[in-house]
Structures are given as C-alpha cells and as structure tokens.
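Only one structure is covered here, and it is reproduced in the block below.
Residue numbers (our numbering): 48 to 222.
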C-alpha cells in the first residue's frame, strides 16, 4: 500500500508516508505553504516561497516549527539540514511604518550546512559551505569562508573544521 501511495504522488522515501499525507492535506487542500515545491512540516511557515531556492537534498521547513521569510530571497545549498524552530528572516520593516518592508540582500546558506535547533539567521547573512550553526545562535553577520562552527548571540566562530575531512564527506554516499 505504501509503495502504491508513493508511486501515485511520486514521493521519495526521505520521510515516512504519514509525513507526506499530512503535507498533502495542509499544502494542497488547506493551501498552507502552497507555493513551496517540496514537503513542509505542517507546523512550519514559509513566507514568499517563490523566492526560496533550495539545493539537492535540502528541504527547508521539513522540521517542526521552522519559520522562513523569503521576501527578499533565500538561497540554501545542497544537503543542508534544519533543526526544529529554525528561523530565517530575509526582510524587515520600516521603523516608522510597519507596512513598509525595507530592502535587504538575500540570505545565502552554503552546501552541507547544519542549522541547530532554535537558531536565527537575519537579513543579508551569507554562510559558507560546511557551516554548523549551534542551537539557539543568532547569526547577525556573514561567515562566507565556511568550514566553521558558530554559536552564541551574536554568533561567533567557536571552531574551524578540517577542510580535508569536509571534502572527503562531500564525495561520500550523498553524491
């Protein structure tokens, strides 16, 4: 039965069938997060999903309670993972008029990144490949060089990763 359901909806086996059925109910019938092309957890919210680009093997919003505001654009690289309650905010409003959104550069998150639970990424931030964001971190500035572990409020580099080991992982079973 599960194989038949998967074949009808052309689902991959990344998540259990119950996840896809719940996703179908909320996205297709109730039109919640309807402009996103991949499965989204029913408790997650993605604003302006048409401005959200995700690489291979990346499903922004598939963890519980993710909030992604892609109004000014969000780009996420391949095989990046999101923990629960992650927020990515690409826009802000005017100080004097909440109805007016301010322009900001898009948020860019590299490939093979990992955003820990309850982390927040603010407008204009660029994270390089293999960046690990610790749980509860508030990322206010860019870490474009990547290959690092960042955490704190505001986020700072705690450790640099060995590029050789990261590149070996990149050519591993995910490719």
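Note that the Cβ used here is the ideal one computed from N, Cα and C, for glycine as well.
Quick caveat, the model's predicted, so the values are computed rather than measured.
Secondary structure at residue 208: coil, using DSSP grouped into helix, strand and coil. In the same chain as residue 195, and ignoring 5 residues on each side of it, the C-beta atoms closer than 7 Å to its own belong to 178, 204, 206, 207, 208, in chain order. For residue 197, the closest of 158, 174, 217 by C-alpha to C-alpha distance is 174. Burial is judged here by how many other beta carbons sit within 10 angstroms of a residue's own beta carbon; residue 156 has at least 16 and is buried.
A direct Cα-Cα distance of roughly 21 Å separates residue 69 from residue 97. Inclusion of residue 199 and residue 182 in the CB contact set at 8 Å is not warranted, their separation being larger than that value. One thing to note: residue 217 has its Cβ within 8 Å of the Cβ of residue 159. Counting only runs of 4+ residues, no alpha helix (DSSP H) is found wholly inside the stretch 152–178.
For residue 118, the three-state secondary structure derived from DSSP is coil. In the displayed model, residue 65 falls within a helix according to three-state DSSP. Assigned with DSSP and collapsed to three states, residue 101 falls in strand.
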